[in-house]
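*Asks:* Just so you know, we're using the working numbering here: the sequence shown kicks off at 39 and counts up by one.
Beta carbons are placed, not taken as given, at the ideal position from N, Cα and C, and that holds for glycine.
This is the structure I have questions about; it appears just below.
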Amino acid sequence: DKGELMARIWAVEAYRATIGELPCRVRFLVEGEEEGGGANLGRLLDLRPNARRADGALIEGGDIDVRGRPRVFGGVRGMVALHLVCRTIAYDAHSSLSNLLPSASVRMAQALATLFDAGGAPAIEGLDTGVRPPSAAQLAALGAIPDEDVDDLLEVYGIDRFIGGLRGQDAIRRLRLSPTCNIQGLWSGYTGPGGKTITPAEAHARLDIRLVPDQEPAVIADVVRRHLAKHGFGEIELTMFDFSYRAWWTEPDHPIVQAAVRASESVLGKPAILDLSSPGTAPMHEACGPFKVPATSLGGSDDDVRVHAPDESFSLAYAAAATRMTARFFDEFAAMWSARRAG
């Protein structure tokens, strides 16, 4: 996240150039492997245990909604990523035999269809295994999120309804409190130019499942494996990718989250939307879990950045706003800890 990183660095530079020394120590933890797996981050931190010791963590992310309001997160979701392989016949066959030979692509499609209900919502038995019930503070924070915060996504993505017809608070709770199931890739047979009349012998699919506290990636991988076996697809091979993380959330009424709210509101002049978690995933449990470091976020992303699309972008105006928010956060964070120590 180059834009988010630079906003943090610019904030340090601007603070020191205009005000002086920072009111707190700042340690940057930057890694470049996350989208490719991030398997080495935990091993690196294990070699430097003190790198995980901190009074708080400011995560990448945080954004500005379509109405110019800052959105502050108290954490990130976890994730487990899975690779499924289905093999049927010994090798690709001429498609003239397709009414006799089992197709791997058909078999995989049938297996994937069992993961969802007729409306497209996840239907995996046990997908909620380990889910921690929301706290009173979390439910209160969700109840304060305006309906348009999620309903605006309909216009952003050019659709007229969400899965299951959810709107408002129902959609807000589904997005924040429920694990997901997503088919991120699916391939089989011949997909090049022209035609090649084959019955595929092998089919592949990749899933990602976003997790909430206290779900364990390996446990959820087993849940999917058992689901497939129960529905008659036990022969499908399932492997778990290295980039699997647990969720890491900080309560919305924690002082560090409130410090991020104040810093964001002071820059944008609008009330912040306080959210439990980013919808996405980052290795914050890996970084914060061992010493239970509280975490929050603020930033200048927005709904038009087209995250992970080919034309992903980052607004320069919002990058400047994120820089100012980060610099304000240093003061809010230092004041917060001074007050806690005095108390």
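(1) Starting from G113, follow the beta strand (DSSP E) in both directions and report where the run begins and ends.
(2) With respect to the alpha helix (DSSP H) encompassing I221, which residues constitute its N-terminal and C-terminal limits?
(3) Let me know if Y356 comes out buried or exposed under the rule of 16 or more other beta-carbons within 10 Å of its beta-carbon.
(4) When we look at the beta-carbon of T334 and count the other beta-carbons within 10 Å, is it buried (16 or more) or exposed?
(5) Quick check on DSSP: helix, strand or coil for R109?
(6) Looking only at C-alpha atoms, which of P217, D342, R211 and V188 sits nearest to G164?
(7) Less than 8 Å separating the beta-carbons of V305 and R263?
(8) Identify the continuous beta strand (DSSP E) that holds R248 and give its terminal residues.
(9) State the Cα-Cα distance for the pair R370 and I57, rounded to the nearest angstrom.
(10) What is the residue span of the alpha helix (DSSP H) that E193 lies within?
(11) According to the Cβ coordinates, are F111 and S353 closer than 8 Å?
(12) Given that a residue counts as buried once 16 or more other Cβ atoms are within 10 Å of its Cβ, and exposed if not, what is E42?
(13) Sorted by chain position, which residues of the same chain lie with C-beta nearer than 8 Å to I97's C-beta, five sequence neighbours on each side aside?
(14) Within 10 angstroms of its Cβ, does L135 collect 16 or more other Cβ (buried), or is it exposed?
(15) Ordered along the chain, which non-local residues of its own chain (more than five positions away) have a Cβ less than 7 Å from that of S141?
(16) How do the region 290 to 302 and the region 188 to 205 stand: do at least 3 beta-carbon pairs fall below 8 Å, yes or no?
(17) CA-CA distance, I311 and L82?
(18) Buried or exposed, going by whether 16 or more other CB atoms sit within 10 Å of the CB of Y195?
(19) In three-state DSSP terms, what is A297?
(20) Report yes if the CB atom of I435 is closer than 8 Å to the CB atom of D313, and no otherwise.
*Replies:* Considering the structure as presented:
(1) Within the sequence shown, numbered from 1, the residue matching residue 113 stands at position 75. First-last of the beta strand (DSSP E) with G113: G113 to R125.
(2) In the sequence shown, counting from the first residue as 1, residue 221 sits at position 183. From DSSP, I221 is part of no alpha helix (DSSP H) but of the beta strand (DSSP E) over N220 to S226.
(3) Numbered from its first residue, the sequence shown carries residue 356 at position 318. Result: buried.
(4) If you number the sequence shown from 1, residue 334 lands on position 296. Buried is the label assigned to T334, since at least 16 other Cβ atoms lie within 10 Å of its Cβ.
(5) Locating residue 109 in the sequence shown gives position 71, counting from the first residue. Three-state result, R109: strand.
(6) As a first step, residue 164 is located in the sequence shown; it is residue number 126 there, counting from the start. Selected option, being the one with the closest Cα: P217.
(7) Counting from one through the sequence shown, the residue named residue 305 turns up at place 267. Counting from one through the sequence shown, the residue named residue 263 turns up at place 225. Contact flag unset, no.
(8) Numbered from 1 along the sequence shown, position 210 holds the residue referred to as residue 248. R248 -> beta strand (DSSP E) spans E240 to L249.
(9) Position 332 of the sequence shown holds residue 370. Position 19 of the sequence shown holds residue 57. The sequence shown places Glu at residue 370, not Arg. About 15 Å.
(10) Reading the sequence shown from its first residue, position 155 is the one you call residue 193. Element bounds for E193: E186 to V194.
(11) For this step, residue 111 is matched to residue 73 along the sequence shown. For this step, residue 353 is matched to residue 315 along the sequence shown. It is not a contact, given that the beta carbons lie outside the stated cut-off.
(12) By one-based count along the sequence shown, residue 42 stands at place 4. Buried is the label assigned to E42, since at least 16 other Cβ atoms lie within 10 Å of its Cβ.
(13) Working through the sequence shown from its first residue, we reach residue 97 at position 59. Answer for I97: F111, G113, V114, S316, A320, M322, A333, T334 and S335, listed in chain order.
(14) For the purposes of this step, residue 135 is taken as residue 97 along the sequence shown, with counting starting at 1. Classification for L135: exposed.
(15) Within the sequence shown, residue 141 is the residue found at index 103, counting from 1. Taken in chain order, the residues that qualify are T126, T237 and P238.
(16) no
(17) Along the sequence shown, one-based indexing puts residue 311 at 273. Along the sequence shown, one-based indexing puts residue 82 at 44. The straight-line gap from Cα to Cα measures roughly 35 Å.
(18) Taking the first residue of the sequence shown as position 1, residue 195 is located at position 157. With fewer than 16 other Cβ atoms within 10 Å, it is exposed.
(19) Start at 1 with the first residue of the sequence shown, and residue 297 comes out as number 259. Helix at A297.
(20) Not covered by the structure: residue 435. The range shown for the chain is 39 to 381.
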